[in-house]
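Below is one structure; the comments refer to it alone.
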Amino acid sequence: MRRVDAPEAGWYPDPTSRTRLRWWDGLDWSDVRRAPPSDAELLSFESKIALEAAAEYRPPIPQVPGSSVDSQEIIDGVRSATRGEVDRAAALLERRTRSIANELAPLVSQYSNRVIRWIRFAAILATVLLIAWFVFQVVAQASLFEWIGDRIDNLTDDQSGLA
Numbered sequence: 422m423r424r425v426d427a428p429e430a431g432w433y434p435d436p437t438s439r440t441r442l443r444w445w446d447g448l449d450w451s452d453v454r455r456a457p458p459s460d461a462e463l464l465s466f467e468s469k470i471a472l473e474a475a476a477e478y479r480p481p482i483p484q485v486p487g488s489s490v491d492s493q494e495i496i497d498g499v500r501s502a503t504r505g506e507v508d509r510a511a512a513l514l515e516r517r518t519r520s521i522a523n524e525l526a527p528l529v530s531q532y533s534n535r536v537i538r539w540i541r542f543a544a545i546l547a548t549v550l551l552i553a554w555f556v557f558q559v560v561a562q563a564s565l566f567e568w569i570g571d572r573i574d575n576l577t578d579d580q581s582g583l584a
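Residue numbers for the sequence shown follow this note's numbering, so the first one is 422 and each next one is one higher.
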């Protein structure tokens, strides 16, 4: 239901209990309930309505639209209220963020120390393996070059007939 379509504030039959009345604030049901009116209350209400109906009708006086000064005052009021709410929400968010950071700080330091130790171990292991690979490459290439040199010597000796 849109606000324009909502009934005016007042006492209406309670949607959960038809034997009681419940206060409608114009937007939503409140928690205030009461017993329905007595016959005497209804009679006095009906006489009041009849008296108002008998009174001379006066059309409402149209209101002059607000001046730019009035509009600016309203805008300034809304702006300051909004700014206050935004500041309040930012302060609340900052407090909650700090409390969460303070709660997580011990966990972060505990696990970051373990992670740093593992990273150091992995770096040392990688360095040792890299050095071993370089040494292996040097040894393998030296023996490979020796073998190739021996083969070339054998081939040249075989071709020259010295062997």
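From the three backbone atoms N, C-alpha and C, an ideal C-beta is built for every residue, glycine too.
Three or more C-beta pairs closer than 8 Å, one from the stretch 455 to 467 and one from the stretch 491 to 500: is that the case here? no
Just verifying my parser: in three-state terms, what is the DSSP assignment at residue 451? strand
Identity of the residue in 444, 448 and 433 nearest residue 427 by Cα: Sorting 444, 448 and 433 by C-alpha distance to the C-alpha of residue 427 places 448 at the top.
(Q) The alpha helix (DSSP H) that contains residue 458, what's its start and end? (A) Neither: residue 458 is in no alpha helix (DSSP H) and is coded neither H nor E.
**Message:** Going by DSSP in three states, residue 443 sits in which element: helix, strand or coil?
**Reply:** DSSP places residue 443 in the strand class (E or B) of the three-state scheme.
Query raised in the report: Taking the alpha-carbon positions, what's the residue 520 to residue 528 distance?
Result: 14 Å
Worksheet item: Going by DSSP, which residues form a beta bridge with residue 434?
Response: 442
- Message: Starting from residue 429, trace the alpha helix (DSSP H) in both directions and tell me its first and last residue.
- Response: Per DSSP, residue 429 belongs to no alpha helix (DSSP H) and is neither H nor E.
Helix, strand or coil for residue 479 per DSSP? coil
### Task
Tell me, to the nearest whole angstrom, how far the beta carbon of residue 439 is from that of residue 450; I am working on the premise that it is less than 8 Å.
In this structure, residue 439 and residue 450 do not form a Cβ contact; the two beta carbons are roughly 14 Å apart against a cut-off of 8 Å.
Less than 6 Å between C-beta atoms, sequence neighbours within five positions excluded: which residues of the same chain meet that for residue 455?
442
Q | Euclidean distance between Cα positions of residue 429 and residue 471 | A | Spanning the two alpha carbons is a distance of roughly 20 Å.
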